[in-house]
Amino acid sequence: MKILVTGVAGFIGFHLCQRLLARGDEVTGFDNFSDYYDVSLKEARVRLLENPRFRLERGDIVNREGVAALMAAERFDGVAHLAAQAGVRYSIEHPDKYVDANLTGFGNIVEACRQSGVGHLVYASSSSVYGTNHKIPFSVHDPVDHPMSLYAATKRANELMAHTYSHLFALPTTGLRFFTVYGPWGRPDMALFKFTRGILAGDTLQVYNRGDMVRDFTYIDDIIEGVVRVLDRKPVPGGNYDSPASSQAPFRLYNIGNSSPVQLMRYIEVLEQCLGKKAKVELLPMQAGDVRATVADVSDLERDVGFRPKTTVEEGLRRFVDWYRGYYGLK
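Going by the numbering used here, the first residue of the sequence shown is number 59, and it counts up by one from there.
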């Protein structure tokens with residue numbers, strides 16, 4: 059297929075592009091190389107994508123005319139929209155960046171998909187949309203009306219905007235709620251990077267809610283497998299309006315999570331074992347916008363595409379540490 063991947067220099071976009079190229083797809087990558095975190099890491103990712111079937115376009119999804127021109131010229135079979143302003147805590151201090159990238163930018167993408175006749179739009183949502191939900195595990199059939207951060211609110215808004223386009227224009231759209239993605243080439247602003255740097259440097263790790271946190275840590279390869287299978291399965295009309303996850307329009311939502319929640323302190327313990335060094339820990343109160351637990355119900359994903367994530371944190375963290383030592387030249 060001919061596929062556009064936005065956010066191609068990002069963690070998930072890079073890995074997805076690698077997978078699509080490996081199976082023979084023609085891929086255009088789109089990215090603005092934002093300085094939200096280390097741009098050299100983004101450049102290093104993209105250098106690994108050199109391939110006759112890969113083309114890089116530098117640009118910003120906020121540029122409506124640029125996005126529309128690219129899609130009109132190329133006529134993509136599918137779009138994997140992964141570009142966004144990430145980070146729950148960052149959204150508290152920089153709300154404007156989330157309005158621009160996650161609302162205006164998403165609107166530009168979905169409208170360009172409509173105008174150019176894209177066959178399927180798959181886009182990144184987030185487990186953060188579950189907000190104050192207390193029912194565990196989180197199901198795509200549960201209401202998600204109380205986000206706890208602007209980041210979460212923008213991701214829920216994306217789902218609603220996508221449904222509108224599916225309903226009005228029969229544009230097939232699928233939203234994917236990712237759960238705490240980690241692995242090689244990950245984002246330096248995520249806890250795993252910070253913990254790894256801190257342990258190796260002998261610094262004290264700041265652990266919130268006094269360590270009483272549970273996360274559905276999901277390894278990057280499992281995320282990519284889910285994305286690819288969903289990309290290949292275009293939603294069709296015929297669902298119902300009884301659930302937020304489906305519709306009579308060609309619209310679907312799925313969780314992609316490991317469905318095997320891990321206590322944060324256990325995660326740190328496994329990382330210590332992989333690094334061969336103990337962590338110094340400072341236990342702090344819960345941060346604003348954070349939640350105590352995330353657990354994914356992936357029954358819909360398994361039913362529809364025959365896949366559920368399975369990589370253990372022991373295996374995933376070992377692979378991450380091996381990559382980290384190699385990339386940063388550590389013994």
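Glycine included, each C-beta is placed from N, C-alpha and C at the ideal position.
{"Check": "Taking the alpha carbon of R235 as the reference point, which residue from G315, A259 and V339 has its own alpha carbon closest?", "Outcome": "G315"}
{"Check": "Which same chain residues, not among the five before or five after V363, have their C-beta less than 7 angstroms away from its C-beta?", "Outcome": "R287, V288 and R291"}
{"Check": "Would you identify the three-state DSSP class for R111, choosing helix, strand or coil?", "Outcome": "coil"}
{"Check": "If you compare alpha carbons, which of G68, L74 and M59 is closest to E283?", "Outcome": "L74"}
{"Check": "Give me the Cα-Cα distance between S357 and A228, rounded to the nearest whole angstrom.", "Outcome": "26 angstroms"}
{"Check": "Where does G260 land, buried or exposed, given buried means 16+ other C-beta within 10 angstroms?", "Outcome": "exposed"}
{"Check": "Jot down the residue ranges of each uninterrupted alpha helix (DSSP H) in the stretch 190-275, minimum 4 residues, whole runs only, in chain order.", "Outcome": "208-227 and 249-259"}
{"Check": "Let me know if Q143 comes out buried or exposed under the rule of 16 or more other beta-carbons within 10 Å of its beta-carbon.", "Outcome": "buried"}
{"Check": "Please return the same chain residues whose Cβ sits closer than 7 angstroms to the Cβ of R310, not counting the five positions on each side in sequence.", "Outcome": "T232, P293, A303 and S304"}
{"Check": "Work out the CA separation of D96 and G244 for me, nearest whole Å.", "Outcome": "11 angstroms"}
{"Check": "If you draw a straight line from the alpha carbon of L322 to that of V272, how long is it in whole angstroms?", "Outcome": "6 angstroms"}
{"Check": "Decide if S98 is buried, meaning its Cβ has at least 16 other Cβ atoms within 10 Å, or exposed.", "Outcome": "exposed"}
{"Check": "Measuring alpha carbon to alpha carbon, tell me which residue in G296, V202 and K193 is nearest H225.", "Outcome": "G296"}
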